[in-house]
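Novice: Here it is, the structure, as structure tokens.
There are 2 protein chains.
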Amino acid sequence: MAIELARPAHRTQITKAVLRLRELIFNGHFSPGERMAELLLVELLGVSRTPVRLALAELEHEGLLRGLPTGGYVVREFTQGDVRDAIELRGVLEGTAARFAAERGATARDLTALRATNETIKTLVHRGDYESFERYLRLNETFHARLLKMARSPLLVRAMEGVVSLPFAGPGAFVLAEAELPASRDILVIAYRHHIGLVEAIERRQGERAESLAREHARLALANLEIVVEHRDVLERLPGAALITLTDEPDPDPAPEPQPEPA
Amino acid sequence: MAIELARPAHRTQITKAVLRLRELIFNGHFSPGERMAELLLVELLGVSRTPVRLALAELEHEGLLRGLPTGGYVVREFTQGDVRDAIELRGVLEGTAARFAAERGATARDLTALRATNETIKTLVHRGDYESFERYLRLNETFHARLLKMARSPLLVRAMEGVVSLPFAGPGAFVLAEAELPASRDILVIAYRHHIGLVEAIERRQGERAESLAREHARLALANLEIVVEHRDVLERLPGAALITLTDEPDPDPAPEPQPEPA
DNA sequence: TGTTCGTTTCTTGCATGCAATGACCTTCCC
DNA sequence: GGGAAGGTCATTGCATGCAAGAAACGAACA
Numbered sequence: 001m002a003i004e005l006a007r008p009a010h011r012t013q014i015t016k017a018v019l020r021l022r023e024l025i026f027n028g029h030f031s032p033g034e035r036m037a038e039l040l041l042v043e044l045l046g047v048s049r050t051p052v053r054l055a056l057a058e059l060e061h062e063g064l065l066r067g068l069p070t071g072g073y074v075v076r077e078f079t080q081g082d083v084r085d086a087i088e089l090r091g092v093l094e095g096t097a098a099r100f101a102a103e104r105g106a107t108a109r110d111l112t113a114l115r116a117t118n119e120t121i122k123t124l125v126h127r128g129d130y131e132s133f134e135r136y137l138r139l140n141e142t143f144h145a146r147l148l149k150m151a152r153s154p155l156l157v158r159a160m161e162g163v164v165s166l167p168f169a170g171p172g173a174f175v176l177a178e179a180e181l182p183a184s185r186d187i188l189v190i191a192y193r194h195h196i197g198l199v200e201a202i203e204r205r206q207g208e209r210a211e212s213l214a215r216e217h218a219r220l221a222l223a224n225l226e227i228v229v230e231h232r233d234v235l236e237r238l239p240g241a242a243l244i245t246l247t248d249e250p251d252p253d254p255a256p257e258p259q260p261e262p263a
Numbered sequence: 001m002a003i004e005l006a007r008p009a010h011r012t013q014i015t016k017a018v019l020r021l022r023e024l025i026f027n028g029h030f031s032p033g034e035r036m037a038e039l040l041l042v043e044l045l046g047v048s049r050t051p052v053r054l055a056l057a058e059l060e061h062e063g064l065l066r067g068l069p070t071g072g073y074v075v076r077e078f079t080q081g082d083v084r085d086a087i088e089l090r091g092v093l094e095g096t097a098a099r100f101a102a103e104r105g106a107t108a109r110d111l112t113a114l115r116a117t118n119e120t121i122k123t124l125v126h127r128g129d130y131e132s133f134e135r136y137l138r139l140n141e142t143f144h145a146r147l148l149k150m151a152r153s154p155l156l157v158r159a160m161e162g163v164v165s166l167p168f169a170g171p172g173a174f175v176l177a178e179a180e181l182p183a184s185r186d187i188l189v190i191a192y193r194h195h196i197g198l199v200e201a202i203e204r205r206q207g208e209r210a211e212s213l214a215r216e217h218a219r220l221a222l223a224n225l226e227i228v229v230e231h232r233d234v235l236e237r238l239p240g241a242a243l244i245t246l247t248d249e250p251d252p253d254p255a256p257e258p259q260p261e262p263a
């Protein structure tokens, strides 16, 4: 996921296969549980079995596929609880990034860059057109990428990559849906406020505050998720939606034997 | 890492290559930065290029190797700061596991199992023989594995696997060294206390307390690390030590431009 | 002596053939 | 009719050959 971003795009057959496969999976071309036969993919992707095999291994590590004990891969299925956990987990890791940035000290240059991004975001928050949402999405990712970089922790970057490789776990997950659902428009205002607070906390070296804010910030995606599942027509147009099975029960992961609060 | 544990051990050439390569890397058979030529590994491992290639990809995802933009892999190098971050990161994830377990409710069966493990650990804490340390190590891993399971979050399990795949980040990292360094013997006592507190917090649904305890618990490994680096002869016998470059500076990641506390 | 260009060797990326294992279907027996 | 056993088909695991590209070496020139 880091390699492919380094621009060579289609330089090797493997990346070509990975990119195309990801796209196909996100678009719902394969159903969860469906077996990914190598020969089928050979004629589908136009590359031979060797790069296909490598690409499948890559996607397994990303979490999109699941390897069968007998060999071969199937498309992985995600429950609503998985989505919730992915978002919560991103919050935990971004919280750690924010805390690291605060504890280890940020450069004035980094802080200025974050503020500049926020300034532009501010002008977009109250617009409603689709183009503004797209710009917001890009700026939001810029903000989060820089924040992660400011933690100065390669291992944290790795861990984050492992989580946001899931399509519905990225910082912009479910945001595009807001363009069509004014009900969640206020969330952008709150998100902007979170950004402001994050920069302030990092500058003042308030690690715990930065961590809390980043966690709460990620939970906005959760709020978005809940709004979106109420509008399945919107949900189904989002990438990766085909991988998610919606549960009707309100609590998607009930305690099997809830213990009462003794203290 | 989950697949291989599923017993087939050497059933495929790939797992054979992965296991052997991991062993070679941990033992320092390759130096950090050294190129892992496929043909060299073919005659070293006794398998053909195809499984070698797959194994290399696997180890890259584990974080032990780094892929070069031009192709091929080199052994990755870890700084003391990486080790510190890995431990801190494990603390963050185990904290999340503990919090999830507390928030989502634990079964009486799980709590009982944790307590039983702790009871046995209690009898080992004050012994000093090597065998007791090995038993402690196994029980400690049992405790942490169960805790993780109690979070009921497959994605959290994945994230954790991504972190503890590094040899020095596991729950038992640097513990074996204590068998030879009585200076750090007290740490076992503290660790035991943490375990007790964790079970209590989870039972009482005190999520935040559980999270804090788990984080602090992981930081014991950090204390161990600091003790161990003072005794390089011990450090160098630990697996994976050959991958770590020791920095002499006390603060391994200094702030480039520390901001004063304005508030 | 330092630098640059050309050549050679090594290394990886890819395709394909072969073999073995697992899945599935048919058939036969109870 | 149900279950078990046999056989057939499909799919994956592995090895190897070939070609393109990179790296290293050496030679020639400034």
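Here the protein sequences line up with chains A and B, keeping their order. For the first sequence, this note's numbering assigns the number 1 to the initial residue and increments by one for each residue that follows. For the second sequence, this note's numbering assigns the number 1 to the initial residue and increments by one for each residue that follows. The C-beta atom is built at its ideal place from N, Cα and C for all residues, glycine as well.
1. Here's a check: name, in chain order, each residue in its chain whose Cβ is nearer than 8 angstroms to the Cβ of Thr48/B, leaving out the five neighbours to either side.
2. Does the count of Cβ pairs from the segment 65 to 72 of chain B and the segment 138 to 152 of chain B closer than 8 angstroms reach three?
3. Please look up how many angstroms separate the CB atoms of Ile244/A and Phe133/A, rounded, as I've assumed it's under 8 angstroms.
4. Taking CB distances under 9 angstroms as the criterion, tell me whether Ala271/A reaches chain B.
5. Distance, Cα to Cα, Glu200/A vs His194/A?
6. State the Cα-Cα distance for the pair Glu58/B and Phe78/B, rounded to the nearest angstrom.
7. Please classify Pro171/B: is it buried, with 16 or more other beta-carbons within 10 angstroms of its beta-carbon, or exposed?
8. If you drop the 5 nearest sequence neighbours on each side, which residues of the same chain put their C-beta closer than 6 angstroms to that of Pro239/A?
9. What residues from the segment 86 to 103 of chain B come within 7 angstroms of chain A, judged by C-beta to C-beta, listed N to C?
10. Determine whether the Cβ of Val74/B lies closer than 9 angstroms to any Cβ atom of chain A.
11. Answer yes or no: do Arg135/B and Leu124/B have a C-beta to C-beta separation smaller than 9 angstroms?
12. Between which two residues does the beta strand (DSSP E) carrying Gly91/B extend?
13. Cβ atoms of Ala97/B and Ala214/B: under 9 angstroms apart, would you say?
14. Report the three-state DSSP secondary structure of Leu155/B (helix, strand or coil).
15. For a contact defined as C-beta to C-beta under 7 angstroms, what are the partners of Pro154/B on chain A?
16. Of the residues that make up the segment 200 to 227 of chain A, which ones have a beta carbon closer than 7 angstroms to any beta carbon in chain B?
17. Find the nearest neighbour of Arg22/B within the set Arg11/B, Leu45/B and Arg146/B, judged by alpha-carbon distance.
18. Per DSSP, which one or two residues make a beta bridge with Leu65/A?
19. Using a threshold of 9 angstroms, state whether the C-beta atoms of Val189/A and His126/A are closer than that.
20. Using a Cβ-Cβ cut-off of 6 angstroms (strictly less than) and excluding sequence neighbours within five positions of Gly95/A, which residues of its own chain qualify?
21. What span of residues does the alpha helix (DSSP H) with Ala201/A cover, start to end?
22. What residues in the segment 47 to 63 of chain B bring their beta carbon closer than 7 angstroms to a beta carbon of chain A?
23. Candidates Asp82/A, Ala106/A, Val75/A and Lys122/A: which alpha carbon is nearest Ile196/A's?
24. Could you check the C-alpha separation between Gly28/B and Tyr73/A for me, to the nearest Å?
25. Checking 9 angstroms against the spacing of the C-beta atoms, do Arg232/A and Ile87/A come in under that value?
26. Who are the near neighbours of Ser111/B in its chain, counting only those whose CB is closer than 8 angstroms to its CB and skipping five residues on each side?
27. Please confirm if Thr245/A has its CB atom under 9 angstroms from at least one CB of chain B.
28. Near Thr247/A, what residues of its chain come up, given a Cβ to Cβ distance below 8 angstroms and the 5 sequence neighbours on each side ignored?
29. Can you pull the chain B neighbours of Gly162/A, defined as C-beta to C-beta under 8 angstroms?
30. Using a Cβ-Cβ cut-off of 9 angstroms, state whether Leu166/B counts as contacting chain A.
31. So, is Arg90/A buried or exposed, given that buried needs 16 or more other C-beta atoms within 10 angstroms?
32. Between which residues of its own chain and Thr117/B is the CB-CB distance below 7 angstroms, once the five residues before and five after are set aside?
33. Taking 8 angstroms as the limit between beta carbons, can you name the residues of its chain near Val229/A, skipping five residues before and five after?
34. What residue from Leu19/A, Gly105/A and Thr120/A has the CA that sits closest to Ala55/A's CA?
35. Drop a sphere of 10 angstroms on the beta-carbon of Gly63/A, count the other beta-carbons inside from all chains shown, and report buried for 16 or more, exposed for fewer.
36. Measure the C-alpha to C-alpha separation of Val164/B and Leu225/B and round it to an integer number of angstroms.
Specialist: With the given structure in hand:
1. Against the second sequence, residue 48/B aligns to sequence position 48. At residue 48/B the sequence reads Ser, which differs from the Thr that was named. Gln13 and Val42.
2. no
3. Translated into the one-based positions of the first sequence, residue 244/A becomes position 244. Translated into the one-based positions of the first sequence, residue 133/A becomes position 133. Not quite, the Cβ-Cβ distance comes to about 22 angstroms (not below 8 angstroms), so this is no contact.
4. Given that chain A is displayed from residue 1 to residue 263, the structure contains no residue 271/A and the question cannot be resolved.
5. The residue labelled residue 200/A in the question sits at position 200 within the first sequence. The residue labelled residue 194/A in the question sits at position 194 within the first sequence. So the alpha carbons of these two residues sit roughly 10 angstroms apart.
6. Within the second sequence, the letter at position 58 stands for residue 58/B. Within the second sequence, the letter at position 78 stands for residue 78/B. One C-alpha to the other measures close to 18 angstroms.
7. Taking the second sequence and counting its residues from 1, the one referred to as residue 171/B is at position 171. Flag for Pro171/B reads buried.
8. Looking up residue 239/A in the first sequence gives position 239. Counting only Cβ-Cβ distances below 6 angstroms, and skipping sequence neighbours, we find Phe26 and Pro167.
9. Ala86, Leu89, Val92 and Thr96
10. What you label residue 74/B is simply residue 74 of the second sequence in a count that begins at 1. Chain A, which has no Cβ nearer than 9 angstroms to the Cβ of Val74/B, makes this no.
11. Translated into the one-based positions of the second sequence, residue 135/B becomes position 135. Translated into the one-based positions of the second sequence, residue 124/B becomes position 124. A contact, by the Cβ cut-off of 9 angstroms.
12. The sequence position of residue 91/B within the second sequence is 91, counting from 1. First-last for Gly91/B: Gln80 to Arg104, but that is the alpha helix (DSSP H), not the beta strand (DSSP E).
13. Translated into positions along the second sequence, residue 214/B becomes position 214. Translated into positions along the second sequence, residue 97/B becomes position 97. Result yes, Cβ atoms of Ala214/B and Ala97/B sit closer than 9 angstroms.
14. Position 155 of the second sequence, counting from 1, holds the residue named residue 155/B. Helix, per DSSP.
15. Here residue 154/B refers to the residue found at position 154 of the second sequence. Near Pro154/B (Cβ distances below 7 angstroms), the residues of chain A are Asp82.
16. Glu203, Arg204 and Arg205
17. By one-based count along the second sequence, residue 22/B stands at place 22. Residue Leu45/B is the option with its Cα nearest to Arg22/B.
18. The residue you call residue 65/A lines up with position 65 of the first sequence. For Leu65/A, which the question treats as bridged, DSSP gives the partners Val75/A.
19. As a position in the first sequence, residue 189/A is number 189, starting the count at 1. As a position in the first sequence, residue 126/A is number 126, starting the count at 1. Yes.
20. To locate residue 95/A, count along the first sequence from 1; it is residue 95. Once the five neighbours on either side are set aside, the close Cβ partners of Gly95/A are Glu211, Ala214 and Arg215.
21. Here the question's residue 201/A lines up with position 201 in the first sequence. Looking at the DSSP string, the run of the alpha helix (DSSP H) that includes Ala201/A is Asp186 to Glu203.
22. Leu54, Ala57, His61 and Gly63
23. Reading the first sequence from its first residue, position 196 is the one you call residue 196/A. Closest by alpha carbon: Lys122/A.
24. On the second sequence, residue 28/B is found 28 positions in, with the first residue counted as 1. On the first sequence, residue 73/A is found 73 positions in, with the first residue counted as 1. Looking at the two C-alpha atoms, the distance is approximately 34 angstroms.
25. For the purposes of this step, residue 232/A is taken as the residue at position 232 of the first sequence. For the purposes of this step, residue 87/A is taken as the residue at position 87 of the first sequence. No. Outside cutoff.
26. For this step, residue 111/B is matched to residue 111 along the second sequence. First, the amino acid is wrong: residue 111/B is Leu here, not Ser. Closer than 8 angstroms at Cβ, skipping near neighbours: Val199, Ile202 and Glu203.
27. What you label residue 245/A is simply residue 245 of the first sequence in a count that begins at 1. Answer no: the Cβ-Cβ gap between Thr245/A and chain B never drops below 9 angstroms.
28. Taking the first residue of the first sequence as position 1, residue 247/A is located at position 247. Closer than 8 angstroms at Cβ, skipping near neighbours: Thr79, Gln80 and Gly81.
29. Start at 1 with the first residue of the first sequence, and residue 162/A comes out as number 162. Near Gly162/A (Cβ distances below 8 angstroms), the residues of chain B are Arg158, Ala159 and Gly162.
30. Sequence index remark: in the second sequence, residue 166/B carries index 166 (1-based). Yes, contact with chain A.
31. Indexing the first sequence from 1 puts residue 90/A at position 90. Under this definition Arg90/A is a buried residue.
32. Your numbering for residue 117/B matches position 117 in the second sequence. These residues qualify, in order along the chain: Leu139, Thr142 and Phe143.
33. Taking the first sequence and counting its residues from 1, the one referred to as residue 229/A is at position 229. Once the five neighbours on either side are set aside, the close Cβ partners of Val229/A are Gln80, Leu235 and Leu246.
34. Walking along the first sequence from the start, residue 55/A turns up at place 55. The option with the nearest alpha carbon to Ala55/A is Leu19/A.
35. Counting from one through the first sequence, the residue named residue 63/A turns up at place 63. Looking at its Cβ environment, which holds 16 or more other Cβ atoms inside 10 Å, Gly63/A is buried.
36. Numbered from its first residue, the second sequence carries residue 164/B at position 164. Numbered from its first residue, the second sequence carries residue 225/B at position 225. About 16 angstroms.
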